[in-house]
Each structure stands twice: as structure tokens, then as C-alpha cells.
Amino acid sequence: MVRTYVVTGSASGIGKATSELLTASGHRVIGVDVARADVTVDLSTPSGRMELVDRVWELSDGTVDAVLAIAGLATPTAATVAVDFFGTVATLQGLQPLLAHSPAPRAVAVSSMAALFPPDDALLETLLDGDEARALSRAAQLAADPQTGALIYGTAKRALSRWIRRTAATADWAGAGIALNAIAPGVVKTPMTADLTASEEGRRQLAEMVPMPLNGFFEPKDAAELLVWLSSEANAHLCGQIIYIDGGSDAVIRGDSVW
């Protein structure tokens, strides 16, 4: 059956690979990105998030079968918080009514193995409270120092993982038959990581920070394959899971501990 998918971050990296896989399988994809997409919006802004919802309503004719919230940044800036957490949550919440019309609705977000790293507790608290103004203010404070700026990305992804866990089993999601989950990739060879993996020394340092004993860094298509399955009709029972596709980072770092 042909399904309608919304894919944010569709112009590059994991989002592009996912869109290509879905299109090759005959599905309809509504791509969302800041350029080169069916819907061109900036998810770091409230107005961009509202426009996303409005445009998808128009293009989808009122029904979406799956939302893949892939768009993200990995810079030590407040914009990373705006896109990776608030933009992702707004995408999922804003399109939830469209999913409710599908016979097999699915939603998947992209977190990161960086969520395993110690967060900035003050930023994490404001994110989980949904206070964007305070979160952006705290992120700007962290960004002013290179040592603390590195905490922004992982903290935003940890907050997203917790939001997924807290939200997936609620009446609006599981109660409406919508499977909501996330993947948490390790190091993927995308434009986002190009500077980090450009040199042998950079790759060595990154591998020490992000241990991936099973096959190391990987291509976007590997993450896309998992996203496609999670958003398919076949995935009828996974709920609130953060699936680490990370070559073993989660197992190495957390060992026997649970989320």
C-alpha cells in the first residue's frame, strides 16, 4: 500500500537517504528542509514550525501515515536547542492530528548516542519544562564558552529522548494507535560530521569519544533502513523506544545500566 510520509531534514544526510528509500519503494514523501524541499521552513523559529504544519495539511489532503522528524543541528549554539528539541517536538505534536487519520500511523524522531553523555542540568530542566525562552537563554550562556558549548547537543538529545519516553504511551499517541519511537545513531558520515571526520587525527579522537566496535562509523543509508522499518505498517507494537544504532556505543558506555 502506498503511504504518505513527512520527512524533515530531507535535503541531506539521514533525511535524504530516508526519503530516497521511501520514494524507491513507491511511497509519497513530503520533504521538509530549509532549502531544496517540498516545504521550505526554518524549524528553529515558531513561525517556521507553524508554516510546516499548515503546508503539510495542504499537501497531504488531511492524512499522513508517518512522520520522520530527522532535521537537526550539531553546533554548539542555541539554534541546536531550537531545532533539535523544540522543532522536533513541534513537528510531532503539530502533525499528530494528521497521523490520527491513518489506518497505521507511525512517528519516529532522531535522537543521538550523545544523549548518553552527562548533560547540563539547568538546560535539561528548561527543555523538559517546555520553556523555550529560558532554554535558549541557558544555551546561549553555554555557547559562550567552548568547554560548556559542547554540552548543548547532547543535552538537547537527552531531553528529546525523555520526551519520547514520556509521551509515547499517552492517550494522544499509543491510545490513538500511533507508534512513537526514536533512533539514537552513533557517528554517521553526513555533512554534519564532515569536519570531525575529515582527518585521521579527527577520526581517531572521535572514535575514542564515541566507541563503535561493530563496524565503526557508518553511512546515512544504514540509519535510514531502520527509520523506514520503524515508520512502516510492520512496526505495530514498539512504543517509546530509543533504539541505539551506534555500533555498540550504548553497550560500552552504559553496560548493565538501563535508561
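Residue numbers (this note's numbering): 4 to 262.
Positions of the beta carbon are idealized from the N, C-alpha and C atoms, including for glycine.
Go to residue i, then tell me how far its beta strand (DSSP E) extends in each direction, as first and last residue.
i       : result
Arg-109 : 109 to 113
Val-10  : 7 to 11
Pro-3   : No answer is possible for residue 3: the residues shown for the chain start at 4 and end at 262.
Val-70  : 69 to 72
What first and last residue would you give for the alpha helix (DSSP H) that runs through residue i?
i       : result
Gly-34  : Where Gly-34 is concerned, there is no enclosing alpha helix (DSSP H), although the beta strand (DSSP E) it sits in stretches over 31 to 36.
Pro-79  : Run containing Pro-79: none; DSSP gives neither H nor E here.
Leu-95  : 91 to 102
Pro-122 : No alpha helix (DSSP H) holds Pro-122; DSSP gives it neither H nor E.
Pro-149 : 149 to 152
Val-59  : 49 to 63
Pro-223 : 223 to 233
Arg-39  : Per DSSP, Arg-39 belongs to no alpha helix (DSSP H) and is neither H nor E.
Thr-21  : 16 to 27
Leu-217 : From DSSP, Leu-217 is part of no alpha helix (DSSP H); its letter is neither H nor E.
Leu-139 : 135 to 146
Ser-202 : Ser-202 -> no alpha helix (DSSP H), and no H or E assigned at all.
Asp-87  : Element bounds for Asp-87: n/a, residue is neither H nor E.
Can a CB atom of chain C be found closer than 8 angstroms to the CB of residue i?
i       : result
Ala-138 : The displayed structure is made up of one protein chain only, and chain C is not part of it.
Just the Cα atoms here: how many angstroms apart are residue i and residue j?
i       : j       : result
Asp-36  : Ile-73  : 10 angstroms
Phe-88  : Glu-204 : 31 angstroms
Pro-121 : Ile-256 : 12 angstroms
Trp-60  : Asn-184 : 22 angstroms
Gly-251 : Ser-114 : 16 angstroms
Gln-244 : Ser-202 : 34 angstroms
Ala-172 : Val-5   : 27 angstroms
Pro-149 : Pro-79  : 8 angstroms
Leu-126 : Gly-133 : 11 angstroms
Ser-260 : Ala-117 : 16 angstroms
Ala-237 : Asp-68  : 13 angstroms
Pro-223 : Ala-112 : 15 angstroms
Leu-101 : Glu-54  : 15 angstroms
Thr-91  : Arg-207 : 31 angstroms
Ile-167 : Ala-93  : 13 angstroms
Leu-95  : Gly-258 : 31 angstroms
Val-32  : Ala-40  : 10 angstroms
DSSP on residue i, reduced to helix/strand/coil?
i       : result
Thr-193 : coil
Leu-46  : coil
* To do: Answer yes if the region 98 to 111 comes into contact with the region 139 to 148, meaning at least three C-beta pairs across the two stretches below 8 angstroms, and no otherwise.
  => no
* Asked: Counting pairs of beta carbons, one from the region 145 to 160 and one from the region 210 to 218, are three or more of them closer than 8 angstroms?
  -> no
* Asked: Do the region 45 to 64 and the region 174 to 192 make contact, defined as three or more Cβ pairs closer than 8 angstroms?
  -> no
* Asked: Between the region 121 to 131 and the region 32 to 47, do at least 3 Cβ pairs fall closer than 8 angstroms?
  -> no
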